[in-house]
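Heads up: the structure comes next, in structure tokens.
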Amino acid sequence: MGLEAAVEAAAEFLNKAVKPVMVGGPKLRVAKASEAFVELADACGYALAVMPSAKGLVPENHPHFIGTYWGAVSTGFCAEIVESADAYFPDRVMIANGPAFGCVLMRDFLGALVKRLKQNTTAYENYHRIYVPEGHPLKCEPKEALRVNVMFQHIQKMLSSETAVIAETGDSWFNCQKLKLPPGCGYEFQMQYGSIGWSVTAQDVSTMLRCGQKTIIFLINNGGYTIEVEIHDGPYNVIKNWNYTGLVDAIHNGEGKCWTTKVHCEEELIEAIGTATGAKKDCLCFIEVIVHKDDTSKELLEWGSRVAAANGRPPNPQ
Ligand SMILES: Cc1ncc(C[n+]2csc(CCOP(=O)(O)OP(=O)(O)O)c2C)c(N)n1
Ligand SMILES: [Mg+2]
1 MGLEAAVEAA AEFLNKAVKP VMVGGPKLRV AKASEAFVEL ADACGYALAV
51 MPSAKGLVPE NHPHFIGTYW GAVSTGFCAE IVESADAYFP DRVMIANGPA
101 FGCVLMRDFL GALVKRLKQN TTAYENYHRI YVPEGHPLKC EPKEALRVNV
151 MFQHIQKMLS SETAVIAETG DSWFNCQKLK LPPGCGYEFQ MQYGSIGWSV
201 TAQDVSTMLR CGQKTIIFLI NNGGYTIEVE IHDGPYNVIK NWNYTGLVDA
251 IHNGEGKCWT TKVHCEEELI EAIGTATGAK KDCLCFIEVI VHKDDTSKEL
301 LEWGSRVAAA NGRPPNPQ
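Each step along the sequence shown adds one to the number in full-length UniProt numbering, with nothing skipped, and position 163 is 163.
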């Protein structure tokens, strides 16, 4: 009865909306509701966005997919559509500011709505109208110092249904969010705590070698805590440079299959990826990518200045 009442109220509300949008969140994973979410999107035709922490749970090749909704650092044209929508699916069944319905499973709720919503493609059509495709980085000069956006073009080409991206905290947050995931490509991202090192630690490298894992690790050596630089800079953001490939070689110590290299330019990166996916594909491959200390994504600059402003506010009176 709870489900029926929730579906009834939601259908009535959404069928009156002018340009509703669906934004998938990370609870789709625990609710095992990704499929029901897509079936509903197919049935109602709403524009489909994803939260950064839910990347990988919503298919990016869906015909109505409009990108990642992340406030000011959303993918192009996505925030404008989401923020101009007049109806959203909330994370529990609460209709506008009105009644809330308990004891409803997300999967059941989405599945039941499939039969009740009228088609409404307005938000997607608006997105499609205003969308201008992204530019691509300029070609590199021979032996030019490697730029991060050039590197990510090559990582993009490595992705398939056989791969999963594990995005570390730092500027990789933003660069990995911009990857277009092909169907079936996994994605892991740590948003709530943003704990650095969560994606890989020295201990993990040792365990990966012991277990014969064939992970490819890109260590982006930009000489510092760049994400922190963009929030608040100080000498503590410069880190002592280690011989990172030497560190992995020491962990390897002749036991297990391991290959390491350092790259400085696009030519070396292409060669390293060729080796990691070819001759050394049965190894754990560790590629240290050396880039300029100020080579950041534009999203980090935008996000960093907003976090700095929020941190600099006087405290709220209690
Ligand atoms: C365990 C932990 N310590 C400290 C922080 C604060 N912090 C967030 S990002 C960051 C720096 C990340 O630097 P790096 O891994 O080099 O990535 P970059 O920003 O340079 O791409 C720090 C110190 C954190 N989030 N978690
Ligand atoms: Mg760094």
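Where is the CB? At the ideal position from N, CA and C, for every residue including glycine.
Secondary structure note for residue 173: it is in no beta strand (DSSP E), and the uninterrupted alpha helix (DSSP H) holding it is 171-177. Set against 8 Å, the gap from the CB of residue 234 to the closest heavy atom of ligand 1 is not smaller. Per the DSSP secondary-structure output, residue 219 pairs in a beta bridge with 288. Here DSSP, grouped into helix, strand and coil, assigns residue 236 to helix.
Checking the 8 Å criterion, the Cβ of residue 290 is out of range of every heavy atom belonging to ligand 2. If only complete runs of 3 or more residues are kept, the segment 127-182 shows the beta strand (DSSP E) at 164-167, in order along the chain. Not one heavy atom of ligand 2 sits closer than 8 Å to the Cβ of residue 120. Taking 9 Å as the cut-off, the Cβ atoms of residue 140 and residue 129 do not count as close.
In the three-state reduction of the DSSP assignment, residue 67 falls in the strand class, which pools E and B. Contact check for residue 104 against residue 3 passes: the beta carbons are separated by less than 9 Å. In the structure shown, residue 47 falls within a strand segment according to DSSP collapsed to helix, strand and coil. Secondary structure at residue 115: coil, using DSSP grouped into helix, strand and coil.
Residue 131 has its Cβ no nearer than 8 Å to any heavy atom of ligand 1. In the DSSP annotation of this structure, the continuous segment of the alpha helix (DSSP H) that includes residue 303 starts and ends at 298-311. Closest in C-alpha terms to residue 240, from the list 224, 248, 246, comes 224. Membership of residue 277 in the alpha helix (DSSP H) is indicated by the continuous run 266-277. Take residue 238, set aside five residues on each side of it, and the residues of its chain with a beta-carbon closer than 6 Å to its own are 224, in chain order. Contact check for residue 84 against residue 15 fails: the beta carbons are separated by 9 Å or more.
Residue environment for residue 292: exposed (fewer than 16 other C-beta atoms within 10 angstroms of its C-beta). Between residue 156 and residue 45, the C-beta gap is not smaller than 9 Å, which leaves the two residues out of contact. Beta-carbon to beta-carbon, residue 151 and residue 289 are separated by about 6 Å, close enough to satisfy the 8 Å threshold.
Around the Cβ of residue 318, a 10 Å sphere holds fewer than 16 other Cβ atoms; the residue is exposed. C-alpha of residue 133 to C-alpha of residue 67: approximately 12 Å in a straight line. Between residue 82 and residue 65, the C-beta spacing is not below 9 Å.
In terms of CA proximity to residue 122, 19 leads the group 19, 295, 299.
Each residue's CA atom was taken as its position, placing residue 181 and residue 61 some 8 Å apart. When Cβ pairs closer than 8 Å are counted between the two stretches, the segment 245-253 is seen to touch the segment 199-218, the count reaching three or more. In this structure, the alpha-carbon of residue 80 lies about 32 Å from that of residue 220. Here the C-alpha atom of residue 153 lies approximately 30 Å from the C-alpha atom of residue 42. Contact annotation, residue 39 with residue 111: C-beta distance approximately 7 Å; criterion of less than 8 Å satisfied. In the structure shown, residue 191 adopts coil according to DSSP, grouped into three states.
When the Cα atoms are used, residue 173 and residue 194 turn out to be separated by approximately 9 Å.
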